[in-house]
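**Student:**
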Ligand SMILES: *Cc1c(COP(=O)(O)O)cnc(C)c1O
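In my numbering, the protein residues as written are 145 to 628.
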């Protein structure tokens, strides 16, 4: 039988570097001394730093062994939902580290930064094309900061019409950053219930949308992986009452080249370049969350803006109605280079990437349907949501299933999110996983469902194969052991 990519085999122990080595061992060789020795000044002498004496091989093995305790998208399938964790082509990293880009100083005058400015200018146009919203700022450093910039624009818009508003509508499927961004901007977040189909109903929006509500924040596809099919009607209601529509584009991986967000009624949308446009994420950044807006709202975008003049490209600060600056210089440039290379190298195939992402998620949904309970039994977009309802009979929970997946060599999917689904297991395979890998994942999930029925205690003790087994989740989060 074909070997599965499980976690058996060598799992190395590795002590601290301070417990290794031996006095006098060295990792380098200096040429023979050809000058006289001079005593080191007294103040500099002391006992010296507490560094262990190690050979080059000691150090190489130490860090290589430690690296094998990790799991990333380069080692196996990483099916987290909502946050797209897809494989990012290495060539984009390479282009971003070209010396001309990596060494460019942000304070260089425009005439000496024409290449960098052109890249920013063109990337704005590409992202405008992908979203249908033509005016773009690349400044925000994350989706959440894009949301904040968007909320500032909502405020500036209403202010400019002489009547600031105080509330914002947030669907119950929203990512936690949505109400947080609204609140940071001084808006009261009004929760909006989604219907039995897992999407927004125009009636619910009509009931809450009033003349003191700045607008609505909508994630489309939403965090259940479902397309908000009433979006046009919802946007019409919000616009009719003077509000604006914010699109959370974190799930754009399902819609590139397929959905024109402007035509669905969105006025401001952020993209997460570290999700959809080829910057690896997790581990703390850097990220990038550009915002794309309608021509009508362009004057409120953060400054500086990159503009094209007869003499070349320039940074322009002259936008009196701008919400101001939201990031140093013009954002996280290295991420923008990767997004530029990705967009250029994919071209019209961006659409194919989204189609494959959606196909793969639906393949998993159909293959595991019945084995795991599907709370919303309808075609999904880039991710599908199951629950542990069928396994609860055997006292097996979502957490047990997620932990057991590690024994089969897969990173667990997102669990217990979105909050509207009890015991949620949210799977996003992305476009880049092969049919074979996805089939192995499905086989592992089916095998775990069998185990739940036949040997539930096995799942309660999972995982068995990884370096550390079942942790006390609360203790691990509250009292992390960072020193040994
Ligand atoms: C990831 C995500 C965000 C926040 O984006 P960050 O870049 O992590 O700040 C917002 N909404 C949704 C739906 C997301 O998945």
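Every residue, glycine too, gets a C-beta built ideally from N, C-alpha and C.
Quick check on residue 526: buried or exposed, where buried means 16 or more other Cβ atoms within 10 Å of its Cβ?
**Tutor:** Walking along the chain shown from the start, residue 526 turns up at place 382. Residue 526 comes out buried.
**Student:** Going by CA-CA distance only, name the one from 519, 469, 357 and 485 that's closest to residue 263.
**Tutor:** Counted from its first residue, the chain shown places residue 263 at position 119. The option with the nearest alpha carbon to residue 263 is 485.
**Student:** Let me confirm a value: residue 400 is counted as buried when at least 16 other C-beta atoms fall within 10 Å, else exposed. Which label applies?
**Tutor:** Against the chain shown, residue 400 aligns to sequence position 256. That one is buried.
**Student:** Please work out which residues of its chain come closer than 6 Å, Cβ to Cβ, to residue 532, disregarding the five sequence neighbours upstream and downstream, and give them in chain order.
**Tutor:** Here residue 532 refers to the residue found at position 388 of the chain shown. Within the same chain, residue 532 has close Cβ partners 541, 542 and 567.
**Student:** Write down the C-beta distance between residue 202 and residue 165 rounded to the nearest angstrom, noting that I regard them as a contact closer than 8 Å.
**Tutor:** Against the chain shown, residue 202 aligns to sequence position 58. Against the chain shown, residue 165 aligns to sequence position 21. Rounded, the Cβ-Cβ distance is 6 Å, consistent with contact.
**Student:** Quick one: what does DSSP say residue 413 is sitting in, helix, strand or coil?
**Tutor:** Taking the chain shown and counting its residues from 1, one reaches residue 413 at position 269. Strand at residue 413.
**Student:** Which one of 471, 172, 354 and 502 has the shortest CA to CA distance from residue 371?
**Tutor:** In the chain shown, counting from the first residue as 1, residue 371 sits at position 227. Here the closest residue by C-alpha is 502.
**Student:** Would you mind working out which of 297, 410, 356 and 475 sits nearest residue 386, comparing C-alpha positions?
**Tutor:** Taking the first residue of the chain shown as 1, we reach residue 386 at position 242. When each option's Cα is compared against that of residue 386, the closest is 356.
**Student:** Which term fits residue 440, buried or exposed, when burial requires 16 or more other beta carbons within 10 angstroms of its beta carbon?
**Tutor:** Stepping through the chain shown from its first residue, residue 440 is reached at position 296. Label assigned to residue 440: exposed.
**Student:** Do the stretch 421 to 434 and the stretch 305 to 315 make contact, defined as three or more Cβ pairs closer than 8 Å?
**Tutor:** No, the stretch 421 to 434 does not touch the stretch 305 to 315.
**Student:** Would you check if there are 3 or more beta carbon pairs closer than 8 Å linking the stretch 602 to 617 to the stretch 250 to 261?
**Tutor:** Segments in contact, no.
**Student:** Give a single yes or no on whether residue 392 has its beta carbon closer than 8 Å to a heavy atom of ligand 1.
**Tutor:** As a working note, residue 392 is residue 248 in the chain shown. Result yes, Cβ under 8 Å from ligand 1.
**Student:** Quick one: what does DSSP say residue 389 is sitting in, helix, strand or coil?
**Tutor:** Reading the chain shown from its first residue, position 245 is the one you call residue 389. The answer is strand: DSSP assigns residue 389 an E or B state.
**Student:** Which one or two residues does DSSP pair with residue 361 in a beta bridge?
**Tutor:** Taking the first residue of the chain shown as position 1, residue 361 is located at position 217. DSSP, once it has assigned bridges, lists 390 as partnering residue 361.
**Student:** CA-CA distance, residue 420 and residue 479?
**Tutor:** Counting from one through the chain shown, the residue named residue 420 turns up at place 276. Counting from one through the chain shown, the residue named residue 479 turns up at place 335. Approximately 12 Å between the Cα atoms of the pair.
**Student:** Examine ligand 1 and report whether any of its heavy atoms sits within less than 8 Å of the Cβ of residue 319.
**Tutor:** Taking the first residue of the chain shown as 1, we reach residue 319 at position 175. Answer for residue 319: yes, Cβ within range of ligand 1.
**Student:** Taking 8 Å as the cut-off, is the beta-carbon of residue 367 closer than that to any non-hydrogen atom of ligand 1?
**Tutor:** Locating residue 367 in the chain shown gives position 223, counting from the first residue. Yes, the Cβ of residue 367 comes within 8 Å of a heavy atom of ligand 1.
**Student:** Residue 498: which of 459, 551 and 573 sits nearest, CA to CA?
**Tutor:** Your numbering for residue 498 matches position 354 in the chain shown. Cα-wise, what sits closest to residue 498 is 573.
**Student:** Do residue 343 and residue 374 count as a contact pair if the criterion is CB distance below 9 Å?
**Tutor:** Numbered from its first residue, the chain shown carries residue 374 at position 230. Numbered from its first residue, the chain shown carries residue 343 at position 199. Going by C-beta atoms, residue 374 is nearer than 9 Å to residue 343.
**Student:** Hey, is residue 395 close to ligand 3, as in C-beta under 8 Å from one of its heavy atoms?
**Tutor:** In the structure shown, ligand 3 is absent; the only ligands present are ligand 1.
**Student:** With distances taken between CB atoms, is the gap from residue 570 to residue 529 smaller than 9 Å?
**Tutor:** As a first step, residue 570 is located in the chain shown; it is residue number 426 there, counting from the start. As a first step, residue 529 is located in the chain shown; it is residue number 385 there, counting from the start. Cβ atoms of residue 570 and residue 529: closer than 9 Å.
**Student:** By DSSP, does residue 145 sit in helix, in strand, or in coil?
**Tutor:** Numbered from its first residue, the chain shown carries residue 145 at position 1. Here the model assigns residue 145 a pLDDT of 44, short of 50, so the residue's position is not dependable and the matter cannot be decided.
**Student:** Count the other CB atoms within 10 Å of the CB of residue 170; is the residue buried (16 or more) or exposed (fewer)?
**Tutor:** By 1-based counting over the chain shown, the position of residue 170 is 26. Classification for residue 170: exposed.
**Student:** I want to check one thing, is the minimum distance from the CB of residue 553 to the heavy atoms of ligand 1 below 8 Å?
**Tutor:** Position 409 of the chain shown, counted from the start, is the residue given in the question as residue 553. Incorrect: residue 553 has no Cβ contact closer than 8 Å to ligand 1.
**Student:** Among the residues of its own chain, which have a CB less than 7 Å from the CB of residue 446, if the five just before and after it don't count?
**Tutor:** Here the question's residue 446 lines up with position 302 in the chain shown. Contacts found: 281, 283, 293, 466, 467, 468, 469 and 470.
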